[in-house]
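For reference, the structure is listed below as structure tokens.
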Amino acid sequence: MEQAPPKTKFLDRWTPRVFREAKQIFRESGLKGVIRRYGWKFFAVFFAYYLIRDITLYIILPWYLAKNLL
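Using UniProt numbering, read the sequence shown as starting at 1 and increasing by one per residue.
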């Protein structure tokens, strides 16, 4: 009998491949391995992404909603 291919998790389908690879490298060789593989630019992009996301979710969106509702 043929085996069915393993099901992929929901987040694995939506997470970019580079982040999945970085996560695997981090598990295997830690932070130094990720820095060796991707360099400091990876962390700069990662930090900027979360900074923009959090500012939008926790500052701009509530401010906009409060401004329009009050």
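In this text, a Cβ means the ideal position worked out from N, Cα and C, and glycines have one as well.
The beta-carbon distance between R37 and I55, rounded to whole angstroms, is 29 Å. This is too long to meet the 8 Å contact definition.
Counting every other CB atom within 10 Å of its CB across the protein chains shown gives V18 a total below 16, marking it as exposed. Between F42 and the set L61, Y58 and R20, the nearest pair of CA atoms involves R20.
About 6 Å separates the CB atoms of V34 and A22; that is less than 8 Å, so the two are in contact.
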